[in-house]
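Engineer: Be aware that the sequence shown starts at -16, since it is given in this note's numbering, and climbs by one per residue. Here it is, the structure in full.
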Amino acid sequence: MPIRRLAIGLVLALLLALPAAAQDFQNGMIVADECGGRSILTKGRDWLALAEQGDANGQFCLGVIYLIGYGLSTGDTATVGEAVSQEPLAQGAAWLLKAAEQGNTAAGCYLGLLYLRGEGVPQNDVQSHMWFSLAAAGGDKYGSKGRDFVAKRMTPAQIAEAQKLVREWRAKHPKKK
């Protein structure tokens, strides 16, 4: 999983620093990312099956497939590599939310980034801060970097609201032992 962490860090750094980097990301610059040792694009059908069964890693990887601008056809034979015509960022965000709700911190980082940029979800610094904070609390170093970045553009009242949302989210999603 170090490759995944490195890729997430690279993408996060690029997207936070360079607005044009989002286009490169969507065009598949990070296609070489690995999810659980499987090529993220060549195993799209596998990720779909796992995601639909509730597997957090499958949901995360399927979400990333949609974020980079690839998706699965809606027919009986799912294929990866064809452009998705119906809001791939929103579909990616939906799968990432499912993964994050199960404690996948990388999915939380991606959600933080999506809310920060308003891609696939409405732009919302409070939600961005919340998701980055949850990822950071789960041990994700990119979560703390994202949280600190978005906090610089927030008011103290917005930060307090984000912290309140974190507490509420934790109360609804206790850690599994």
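Glycine residues also receive a C-beta, built at the ideal position from the N, C-alpha and C atoms. Remember, predicted model here, so these are calculated numbers, not experimental data.
Got a sec? Which residues, its chain only, sit under 6 Å from L79 by beta carbon, not counting five neighbours each side?
Structural biologist: Result list for L79: G46, A90, Y93, L94, in chain order.
Engineer: Cα separation between Q74 and G101?
Structural biologist: When rounded, the distance between both Cα atoms is 14 Å.
Engineer: Quick check for students: name the residue ranges of the alpha helix (DSSP H) that lie wholly in the segment 75 to 110, counting only runs of 4 or more.
Structural biologist: Runs found: 88 to 100.
Engineer: Alpha carbon to alpha carbon, how far is S111 from K147? Give it in angstroms, no decimals.
Structural biologist: Taking the straight line from one Cα to the other gives about 13 Å.
Engineer: Which residue's Cα is closest to the Cα of R153: M137, R130, M113?
Structural biologist: Out of M137, R130, M113, M113 has the C-alpha closest to the C-alpha of R153.
Engineer: Can you name, in chain order, every residue of its own chain whose Cβ lies under 6 Å from the Cβ of Q85, other than the five neighbours on each side?
Structural biologist: A39.
Engineer: Identify whether G41 lies in helix, strand or coil by the three-state DSSP scheme.
Structural biologist: The answer is helix: DSSP assigns G41 an H, G or I state.
Engineer: How far does the alpha helix (DSSP H) with Q36 in it reach, from first residue to last?
Structural biologist: Per DSSP, Q36 belongs to no alpha helix (DSSP H) and is neither H nor E.
Engineer: Tell me which residue opens and which closes the alpha helix (DSSP H) that R136 is part of.
Structural biologist: Looking at the DSSP string, R136 is not in any alpha helix (DSSP H), and its letter there is neither H nor E.
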